[in-house]
Structure formats: structure tokens, C-alpha cells
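Visitor:
Residue numbers (the numbering used here): 495 to 603.
1) Does DSSP classify residue 599 as helix, strand or coil?
2) Please report how far the alpha carbon of residue 511 lies from the alpha carbon of residue 534, in whole angstroms.
3) Roughly how many angstroms separate the alpha carbons of residue 525 and residue 558, rounded to a whole number?
4) Look at the alpha carbon of residue 552 and the alpha carbon of residue 538, and state the distance between them as a whole number of angstroms.
5) By DSSP, does residue 496 sit in helix, in strand, or in coil?
6) Can you give me the C-alpha to C-alpha distance between residue 503 and residue 516, rounded to a whole angstrom?
7) Just the C-alpha distance for residue 561 and residue 569, rounded to the nearest angstrom, thanks.
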């Protein structure tokens, strides 16, 4: 096949495609003008509602992830405080008899 016939085939395919697109466009115009665009308007509104719902869900997910990360950072900070302090940490339950053994000042018996 020579270049001229390939070019003619390509142009013919292009023309057929353009005619098909024009026919689809005319059909869409006819449908939208028949019901004053109510179907198109409804589709647009439905798409906007879906987009807003998706945006809302994504925002909730980001907020949940941020709150979880904040909670983890706070827990890590609370866990770090006793290790960094230079004071002796007194246990909360002073009445624990076993705890008295570990709180003694000298381990020399």
C-alpha cells in the first residue's frame, strides 16, 4: 500500500468518526431540548451531590486519621515523661506490700 492510499484511508476514517460524533452531538441536543434539559440538569445535580458526599467522607477520614495520630503522639509523650524525669517516680498504689520491696533506698542487705 502506498502513502497516498494510506492517507486517503486515514482521512476517510477521520470523516466517518467526525460524522458519528456530529450525529451523537445532534442526538444529545435533540434530547436535551425535548425536555428542556431536565435530564441533563438532573445528571449534573446527581454528580455534584456524589462529589460533595465523597468530599465529606474524605474530610471525615482525614479528621479521624489526624485524631488517631494526635492520640498516639500524646500517648508517646506521656510515656516519655517518666523516663526523662530525674526524680524518682512514686507508684500510685502506696499500700502495695510488694512495691515497698522495690522502693527501698538501699539494695544492700
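Don't be surprised by glycine CBs; every beta carbon is placed ideally from N, CA and C. These numbers come from a predicted model, not from an experiment.
Guide: Quick look at the numbers:
1) Residue 599 sits at position 105 when you count from the first residue of the chain shown. Residue state, collapsed to three classes: coil.
2) In the chain shown, the residue the question calls residue 511 occupies position 17. In the chain shown, the residue the question calls residue 534 occupies position 40. Residue 511 and residue 534: Cα-Cα distance of roughly 24 angstroms.
3) Position 31 of the chain shown holds residue 525. Position 64 of the chain shown holds residue 558. Using only the alpha carbons, I get a separation of about 45 angstroms.
4) What you label residue 552 is simply residue 58 of the chain shown in a count that begins at 1. What you label residue 538 is simply residue 44 of the chain shown in a count that begins at 1. Residue 552 and residue 538: Cα-Cα distance of roughly 21 angstroms.
5) Stepping through the chain shown from its first residue, residue 496 is reached at position 2. It is coil, neither helix nor strand.
6) By one-based count along the chain shown, residue 503 stands at place 9. By one-based count along the chain shown, residue 516 stands at place 22. Near 20 angstroms, if we compare the C-alpha coordinates of residue 516 and residue 503.
7) As a position in the chain shown, residue 561 is number 67, starting the count at 1. As a position in the chain shown, residue 569 is number 75, starting the count at 1. About 12 angstroms.
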